[in-house]
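In the numbering used here, the protein residues as written are 71 to 587.
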Amino acid sequence: MTPQNTLDLKGNFNTYPFGELLVEIAQAELSGSLRLFRQDRKTNVYFRNGEVVYTVSNSREHRLFNIFLGQNKIDKQILAGYPNFANDLEFSVMLQEKSLFSKAEIDAAVITQIEQIIIEALTWADGDWVFSPLAKVRSDLIYGIDTDKLLFQYARCLPSAYVLQRFKSVHEAFSAVPERMSDPSLQAHEQSVRSKFADTPLTIEQLRPLCNLPESGLFQALYALWLGGLIARRDWNTAFSDNKIGEIRRARVSLVKEAQTPDSHKVKTPPLTEQILSESVVKEAVAPVIEISLEEYLERVEKSETYYDTLGVAEEAPLSDLKNSYLTLVKQFHPDLFHRQDGVNLLRIQAAFTSLAHAYETLKLPESRENYDFKIRKELELREKRRAEGIPDRSPQSGLNTEDGLESFEHGLKLLLDEDFHAAAVYFARAVHYSPENALYHAYYGKALSDDESMKHKALGEIQHAAKLDPKNPKIRLMLVEFLVDMNMQKRAEGELKRFLEIVPDNQEARDLLGQM
């Protein structure tokens with residue numbers, strides 16, 4: 071995780087809306103990241119020299135696979151074959167490796183994804199933001215985004231009353247942007263205002279007599295032209311003061327000079343790959359891995375709150391520690407080593423291994439690790455605060471667990487439809503792990519297990535537990551009845567139906583089934 075430093079700048083959308091921040095960063099040509107927080111939504115916007123080049127969101131609807139699904143360019147059945155389709159970076163690599171889409175097609179989908187994330191964030195009326203000028207995005211994650219167009223369209227839709235509130239004084243000045251002297255998409259009142267700017271800046275007070283427009287029309291045009299990048303704004307209440315911008319630029323210059331210092335004056339750091347591959351470095355650098363029993367390992371993974379907990383490492387652990395822990399656990403607990411275990415344990419081992427591999431694959435790459443850390447940053451800080459105050463922990467990943475549980479459940483359903491019951495059970499087990507109070511997950515876990523004769527007892531227990539969690543759910547109760555009938559437990563099936571009808575007497579399907587019995 072990237073620690074906050076004195077260059078970081080914080081604020082909220084009530085004072086500085088997201089759209090205005092985009093324009094300020096563009097005018098100052100700043101690089102870095104802008105992290106946005108609103109309720110359970112979190113977004114990270116990356117800049118290079120003032121231009122938006124990449125975005126990340128924790129919203130499921132903005133995942134790359136959903137972009138392809140929304141454009142009807144990919145089938146859900148294809149997704150079912152790739153467990154990591156929810157990881158945008160891995161998913162895009164897979165699409166190209168399998169020749170499903172060209173790089174140009176994938177890039178176009180990513181640009182659509184970025185634009186949708188920006189458009190959603192523009193609608194946030196409240197929330198908080200943090201700008202980190204020293205944050206960097208990976209060089210192969212640079213995309214050309216027409217932010218001016220998005221902002222122009224956004225500004226045109228804003229209520230006049232809101233626009234008027236965004237101007238504090240008639241002494242604010244605007245000037246022309248030479249490279250944007252004309253734009254064929256301008257409306258008549260916008261073109262009228264834009265044409266008044268020549269070589270010198272004009273204040274709002276000076277523009278009033280020059281433009282034959284009502285007050286609301288003038289301010290609406292000015293705001294749209296400014297957000298759209300056709301004019302530059304001066305002398306207003308900015309989020310980034312001149313002093314702050316100067317401080318950021320000096321810091322970046324210092325970093326560049328430091329990077330250009332001759333090697334003879336610096337202690338050489340071996341490349342990351344050398345650190346990983348060199349046995350001597352690994353032995354000296356990594357923290358020792360404490361050996362644990364199979365049951366301890368399973369319980370740890372099943373109860374883990376974060377991917378770091380799954381791997382048994384600290385949140386700030388270096389990559390060498392992550393890799394060492396992962397490889398050690400794989401050597402000890404790979405499912406292939408336990409093929410003679412009873413069915414229940416084997417499924418737990420397979421589900422744990424799936425979680426372990428997913429955790430490592432997410433954390434081993436700097437960009438996906440940063441994205442993950444970004445999602446749970448606030449909760450991790452709260453957990454540390456609670457620990458310092460002696461307050462018992464609660465899960466910092468409850469929101470993420472719910473999302474991961476849904477992904478696992480959906481994957482399990484696809485496998486169940488393909489009658490791959492064993493593989494489906496692994497994913498349903500994972501869904502149950504992430505969301506243990508979800509009755510439907512338990513029910514389908516039991517349904518998948520029921521195909522294996524040796525797992526009938528476990529299957530019954532899961533479906534019964536589901537019925538206890540959600541006693542009024544007819545789908546779950548009828549699933550339990552169907553299972554009991556298949557097991558020649560007619561009387562128990564009738565009893566379940568009668569108990570269900572006592573709770574939900576108007577359920578006709580249950581009444582019809584009881585009548586048939």
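Note that beta-carbon positions come from the ideal geometry of N, C-alpha and C, so glycine has one too.
Residues sharing a beta bridge with residue i, DSSP
i, result
"D198", "N82, F107"
"K112", "F107"
"F244", "L272, R303"
"R591", "Lying outside 71 to 587, the shown extent of the chain, residue 591 is not represented and no answer is given."
"L126", "Correcting the residue type first, residue 126 is Val in the shown sequence and not Leu. DSSP lists N114 as partners of V126."
"G102", "F117"
Status (buried if at least 16 other CB within 10 Å, exposed otherwise) for residue i
i, result
"Q183", "buried"
"N142", "exposed"
"S286", "exposed"
"I215", "buried"
"A580", "buried"
"P575", "exposed"
"G585", "exposed"
"D218", "buried"
"D391", "buried"
"A422", "buried"
"H503", "buried"
"N119", "exposed"
"L137", "Reading the sequence as shown, one finds Ile at residue 137 and not Leu. Looking at its Cβ environment, which holds 16 or more other Cβ atoms inside 10 Å, I137 is buried."
"E94", "buried"
"A174", "exposed"
"A363", "The sequence shown places Ser at residue 363, rather than the Ala named in the question. It is exposed - the Cβ of S363 has fewer than 16 other Cβ atoms within 10 Å."
"Q578", "exposed"
"I144", "buried"
"H512", "buried"
"H335", "Legend: pLDDT at H335 = 41, less than 50; position of this residue unreliable, value from coordinates given subsequently. Classification of H335: exposed, given that the 10 Å Cβ count is below 16."
"V163", "exposed"
"A258", "exposed"
"L234", "exposed"
"E440", "buried"
"I589", "Since the first residue of the chain shown is 71 and the last is 587, residue 589 is not available in this structure."
"I318", "buried"
"A156", "buried"
Residue from the options with nearest C-alpha to residue i
i, options, result
"V400", "V122, L381, A513", "L381"
"G316", "V555, L433, E375, L100", "L100"
"L211", "L139, K238, A178, L220", "A178"
"F403", "G89, Q420, Q109, A302", "Q420"
"Y514", "E365, L91, S311, F553", "F553"
"L106", "S230, V163, G89", "G89"
"R238", "N307, F201, A156", "One point to set straight first is that residue 238 is Lys, not Arg, in the sequence displayed. Measuring from the Cα of K238, the nearest candidate turns out to be N307."
"L92", "R111, T193, E121, N558", "E121"
"Y232", "V263, E260, G197, Q290", "Q290"
"P284", "A302, A243, S230", "S230"
"F244", "L104, P271, K146, R111", "P271"
"I301", "S311, R250, K314", "R250"
"W194", "I318, G531, R108, L170", "R108"
"K80", "N128, G197, V163", "G197"
"L295", "V263, D305, I318", "V263"
"I601", "A156, F171, Y213", "Nothing can be reported for residue 601, as the shown portion of the chain is limited to 71 through 587."
"F408", "Y396, E365, E372", "E365"
"P87", "L297, L417, L170, K266", "L297"
"M557", "D145, M525, L139", "M525"
"I533", "P544, D522, K542, A509", "A509"
"K314", "L571, M587, A98, L583", "A98"
"R418", "Y396, D406, V496", "V496"
"G531", "L416, P544, M549", "M549"
"S478", "S505, L487, D490, E489", "S505"
Nearest-angstrom beta carbon gap, residue j and residue i [assumed within contact, 8 Å]
i, j, result
"V158", "R133", "The sequence given here places Asp at residue 158; Val does not occur at that position. Yes, they are in contact, since the Cβ atoms of D158 and R133 sit about 6 Å apart, within 8 Å."
"Y124", "A225", "That belief does not hold up - the Cβ atoms of Y124 and A225 are roughly 23 Å apart, past 8 Å."
"L77", "A321", "6 Å"
"A191", "T85", "Going by Cβ atoms, the distance from A191 to T85 rounds to 16 Å, so no, they are not a contact pair."
"T424", "R370", "With 8 Å as the limit, T424 and R370 do not qualify as a contact, their Cβ atoms being about 15 Å apart."
"E275", "H241", "6 Å"
"F62", "F201", "Any question about residue 62 goes unanswered here, given that the chain covers just 71 to 587."
"A563", "V551", "5 Å"
"I176", "L220", "Wrong, their Cβ atoms sit about 21 Å apart, outside the cutoff."
"L539", "E507", "6 Å"
"G482", "A494", "5 Å"
"S127", "I187", "5 Å"
(Q) Measuring CB atoms only, is the segment 513-521 touching the segment 433-447, in the sense that at least three cross pairs come out at less than 8 Å? (A) no
Q. Quick one: any contact between the segment 367-385 and the segment 422-437, if contact means 3 or more CB pairs under 8 Å?
A. yes
Q. Does the segment 192-211 come close enough to the segment 275-291 that 3 or more CB-CB pairs lie under 8 Å?
A. no
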